[in-house]
Amino acid sequence: MKWSKWLKDDTKGANEKLGLFAIYCWRFGWKQGHRGNKYSTIQLKLASVRWYHRRHRDKVLVTSPSMELLLRGIKRMSDPVLKKQPVTPAFLRLLYRRLDFARPHDSLLWGSVLLGYFFLLRRSEFLRIGSQRTAYCLQTSDAFFSNPEGVRTTYGSASSVTIGLAGSKNDQYGRCAWRTMHVSGDALLCPRQALRHLLLARRALGCGTHPYLCAELKAEEVAQDFKDLAASIGVPKRNYSTHSIRIGGATSLSSGAADSLSIKLLGRWMNDCFGEYPVQTAKSTVGLSSKMVVTN
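Residue numbering for the sequence shown is 0 to 295, as defined by numbering that gives the first Met the number 0.
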């Protein structure tokens, strides 16, 4: 098109070009496959354009009413976002049977997944993503066995696990958040067992002094194990990713009648958007129909 990469001060002209860019992304995308982008992806691309103009040109791009109408149309005609399925306790038990615990790597993966499940961790908070790692990724020094009050202790006398996160993607000020989860009473699915698996696997892999708790475990490896397990039980692989861990923890808490404030605080959500995460399970609706036929 031979356009300048910078938009001019003319609001109408700038919005016309942004609109054409949005339409092109919706129709063709920006890769060789020429598959159109969804509304959410287009929004991210437009936000990037606006940010670069604000950062490098000291210019705020104002969205015109016609641009808003165009984006509403794109949203209406875009396919709905496929929501990932939660990792359930049953799914975790199947994963446990599938792993080979004679291999330290599998023990590392198991402990990491369990820890992410119980603490509702985002993948960036405990895993490597490709070759990158966030500054707030969970560090070894910030995870320990603890007593009922959250005070550090040994594995043998521990009744809980405490972790500290030095920030998150929705925490731009680096406020450290400490969270404690107590033993579950389950011999397999338990936060204390999760940390034990992690520490033993690190020692066996020769990375006992690694600064990050989950060492070099990649998000892609975890996601692939989930997809392989899903395929083996006859469900679509695309329904599972590392995000399924966080969704699964929130769903289990919701099904277990945990109050919304506890879920919000444990997951470190800054607003009430966490309500979109839990998936309603069959177990969570037990007794609802009887409540609907009670005569006042």
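Beta carbons are placed, not taken as given, at the ideal position from N, Cα and C, and that holds for glycine.
Ignoring anything shorter than 4 residues or poking outside the stretch 212-236, list the alpha helix (DSSP H) runs there in chain order.
Taken in chain order, the complete alpha helix (DSSP H) segments of 4 or more residues contained in the stretch 212-236 are 218-231.
Nearest-angstrom Cα separation, counted from Thr-241 out to Ala-222
The C-alpha of Thr-241 is placed about 5 angstroms away from the C-alpha of Ala-222.
Selected residue, minimal CA-CA separation from Leu-357, among Gly-35, Lys-58, Ile-22
Limits of the chain in this structure are 0 at one end and 295 at the other, which puts residue 357 out of reach.
State the DSSP-derived secondary structure class of Trp-177, mapped to helix, strand or coil.
Strand, per DSSP.
Please name the residue or residues paired with Ile-162 in a DSSP beta bridge.
Partner(s): Ala-142, Arg-178.
Taking the C-alpha atoms as reference points, what is the distance between Lys-16 and Leu-81?
Rounded to the nearest angstrom, the two C-alpha atoms are 30 angstroms apart.
Within its chain, find whatever has a CB closer than 7 angstroms to the CB of Lys-236; leave out the 5 residues flanking it on each side and keep chain order.
Excluding residues within five positions, the ones whose Cβ falls inside 7 angstroms are Lys-226, Ala-229, Ala-230.
Cβ shell of Leu-338 (< 6 angstroms), same chain only, five flanking positions each side left out
Shown here, the chain extends from 0 to 295; a query on residue 338 therefore has no answer.
Check the DSSP bridge columns for Gln-131 and list the partner residues they point to.
Per DSSP, Ile-128.
Is Leu-137 closer than 9 angstroms to Glu-124 when the C-beta atoms are compared?
Result yes, Cβ atoms of Glu-124 and Leu-137 sit closer than 9 angstroms.
If you run the structure through DSSP and keep just helix, strand and coil, what is Arg-56?
In the structure shown, Arg-56 falls within a coil segment according to DSSP collapsed to helix, strand and coil.
From Arg-49 to Lys-4, what does the alpha carbon distance come to, in whole angstroms?
Roughly 12 angstroms separates the two Cα atoms.
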